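Q:
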Amino acid sequence: VIYAKRGAVFTPRMWFLFVSMGHDENRVHLMQGSLEDYIVEVGDSGGVEVHSLADGGSSEEGEIYYEEEYMEYFDDGVLDVKRLYNAYSKLTPRYKVSVSQARHICDKEEVLDAINSNLTSMESNSNYNDTIILDTRGSSYAKGHMPSAIHLPYAQLVDPNNSLILKPTSEIKQMLDDRGVDYLNPNKKLILSCGSGVSVCHGYLALKQLGREMSNENTRIYDGSWTEWREYPDLPKVTSS
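What the sequence shown shows, in the numbering used here, is residues -9 to 231, in sequence order.
1. Span of the beta strand (DSSP E) holding Leu182?
2. Quick test of your reading: Arg93 and Asn206, contact by CB under 8 Å. State the CB separation rounded to the nearest angstrom.
3. Does the separation of the CB atoms of Gly193 and Tyr131 fall below 8 Å?
4. From what residue to what residue does the beta strand (DSSP E) around Arg210 run?
5. Helix or strand or just coil, what does DSSP make of Thr126?
6. State the CB to CB distance for the pair Asp125 and Cys184, rounded to an integer number of angstroms; the pair is presumed to be in contact (CB under 8 Å).
7. Per DSSP, which one or two residues make a beta bridge with Cys191?
8. Confirm, please, whether the CB-CB distance from Ser10 to Leu154 is below 8 Å.
9. So what does DSSP say about Ala139, is it helix, strand or coil?
10. Does DSSP put Gly33 in a helix, in a strand, or in coil?
11. Look at the alpha carbon of Gly134 and the alpha carbon of Pro226, and state the distance between them as a whole number of angstroms.
12. DSSP has Asn152 in a bridge; who is on the other side?
13. Which same chain residues end up closer than 6 Å to Glu15 when comparing Cβ atoms and leaving out the 5 residues on each side of it in sequence?
14. Considering only the alpha carbon of each residue, which of Ser215, Glu31, Ile95 lies closest to Phe6?
15. Beta carbon of Tyr222, beta carbon of Arg202: below 8 Å?
16. Would you list the residues sitting across from Thr229 in a DSSP beta bridge?
17. Need the endpoints of the alpha helix (DSSP H) that Lys163 sits in, please.
18. Please list the terminal residues of the continuous alpha helix (DSSP H) segment that includes Leu20.
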């Protein structure tokens, strides 16, 4: 079960990471709401233990709150991520899928092919896009985006008071219907993009909640997103004048 404190936006990305690397989707779950919401809901019956980094990794009773095998990677209660990565990157991966084989992930070449196909359809006065590209960024979309990309701000997919709770499916459905997105058609390919590959996972999660039949071929996330796309002068872009 994946959860976070209120204000976090990365939990859908963490959930998607497990899914894309081949983890059983029936055994990885994303809690709707925050840790604070959970504490309020269950009260004292939930057995919640809250510890602070300020005490150097120990509770007031002196109990270590992180696994002993990781203790050497902490300095005064602060995790040294680089040291942890260097140590564990040498181990045999626990997943059989390599990064290059990750599911539901595409690169800029695949996005470019989709754009070219869509532009050809537009030039022939066809109202049909072979691939729908959804961009989940906020206001930065207006400053520059990929041709034929449809704006679907991730902030409009979540509760305005709690980014860890998706809006009701009826509201998300209306947003997609208003944009002409045929999300229930498994033969319609969807590519999702954002700024850096984080908020895009809100869009992916929303599609799954709406009942879209996901496959590695029909629903993909452009992991490089706009951060990568904008760095290539030869890639087509729509920019504000």
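Just so it is clear, CB atoms sit at the ideal spot from N, CA and C, and this is done for glycine as well.
All figures in this text were calculated on a predicted structure; none of them were measured in a lab.
A: Based on what the coordinates show:
1. 179 to 183
2. 5 Å
3. no
4. 209 to 212
5. coil
6. 7 Å
7. Paired residue(s): none; Cys191 is not in a bridge.
8. no
9. strand
10. helix
11. 10 Å
12. Asp149
13. Val9
14. Ile95
15. no
16. Gly134
17. 159 to 168
18. No alpha helix (DSSP H) contains Leu20, which DSSP labels as neither H nor E.
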